[in-house]
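Residue numbers (the working numbering): 738 to 1031. Where is the CB? At the ideal position from N, CA and C, for every residue including glycine. All figures in this text were calculated on a predicted structure; none of them were measured in a lab.
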DNA sequence: ATAGGCGCCTGCTGGC
DNA sequence: TGCCAGCAGGCGCCTA
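The structure is reproduced here in structure tokens:
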């Protein structure tokens, strides 16, 4: 689910409520997430105070005393929320962290179990994990030189590049499509064929769309709620995502849906024409059929 | 090395 | 009404 804006919203919501609290007990379900629960490290979290709550890409990091790090990924359907301790457990709850004071619990719920929970015994080990995964920079920290280099060095289309966490950390299917629409670039355009202006427009669109989505507390489609159970609002501002057949907010033409990089991809064929390099006279219709076909 | 396809899970929706 | 295929916001492994 959760892409950068949703994860950022969860972190902002949880931070003031978690920092300074101590984890007094942990319970995990018998179902494994992406990896099985480890009896080795779960005890490391108990009795320790939470010193910081932060985000890196789509990862949520709970920093604990003594340089301990508890790291969660929400996958597609994960929810990390505080609940009153007496509140009934929702189905698919996989982790319960009791907190000192006893009135609230941190619970992790994940229907599809694509989520993931990890432990690192030091900041250094955590950083090594990100390094090994080759997790890319935060989209807000990227300069135009890095961005142009990344686009130039791959044979993939822009949609695939935006989804690659090694290029930018935190973008998923929704915000990739929304950013490409805002930049008025066809998602199937080859990254290396992007002009300087297109590259610049896309980089700016990415940060604008992400910032706007964070301001609206993320997007709720089905499962997503923030750290206190509230839904986001940005889904009301989707301009292309999930809107196949509906009018483009810019030109009123129908939004199209195609499959790219294995994912549903929404765009406006009129506002995001695909022109082959040096063939701008060719009609956008012709060039699209050529690029999208088999 | 890199790009594309598949599998992991469960739940919901739409078409027959 | 019921059944089944297809689809869903992510990622990692495998193959070519």
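Residue from the options with nearest C-alpha to residue i
{"i": "residue 834", "options": "761, 889, 1010, 854", "result": "761"}
{"i": "residue 942", "options": "980, 881, 982", "result": "881"}
{"i": "residue 801", "options": "777, 852, 756", "result": "756"}
{"i": "residue 774", "options": "981, 976, 808", "result": "808"}
{"i": "residue 950", "options": "912, 924, 796, 842", "result": "912"}
{"i": "residue 868", "options": "892, 794, 816", "result": "794"}
{"i": "residue 879", "options": "896, 866, 904", "result": "904"}
{"i": "residue 797", "options": "810, 786, 897", "result": "810"}
Residue j beta carbon less than 8 Å from that of residue i
{"i": "residue 899", "j": "residue 920", "result": "no"}
{"i": "residue 969", "j": "residue 963", "result": "yes"}
{"i": "residue 927", "j": "residue 850", "result": "no"}
Reduced DSSP secondary structure (H/G/I, E/B, other) of residue i
{"i": "residue 816", "result": "strand"}
{"i": "residue 847", "result": "strand"}
{"i": "residue 841", "result": "strand"}
{"i": "residue 790", "result": "strand"}
{"i": "residue 884", "result": "helix"}
{"i": "residue 740", "result": "coil"}
{"i": "residue 821", "result": "strand"}
Pairwise C-alpha distance: residue j and residue i
{"i": "residue 884", "j": "residue 840", "result": "47 Å"}
{"i": "residue 993", "j": "residue 902", "result": "25 Å"}
{"i": "residue 925", "j": "residue 822", "result": "48 Å"}
{"i": "residue 862", "j": "residue 1011", "result": "44 Å"}
{"i": "residue 825", "j": "residue 751", "result": "20 Å"}
{"i": "residue 832", "j": "residue 746", "result": "20 Å"}
{"i": "residue 740", "j": "residue 940", "result": "17 Å"}
{"i": "residue 1083", "j": "residue 896", "result": "Outside the modelled stretch of the chain, which goes from 738 to 1031, sits residue 1083, for which no answer is possible."}
{"i": "residue 886", "j": "residue 875", "result": "16 Å"}
{"i": "residue 956", "j": "residue 931", "result": "29 Å"}
{"i": "residue 1003", "j": "residue 855", "result": "34 Å"}
(request) Go through the region 959 to 1004 residue by residue and report every complete run of the beta strand (DSSP E) that reaches 3 residues or more, in order. (result) 993 to 997, 1000 to 1004
(message) To test your reading of the DSSP string, which unbroken beta strand (DSSP E) runs of 3 or more residues are found completely within the region 927 to 951?
(response) none
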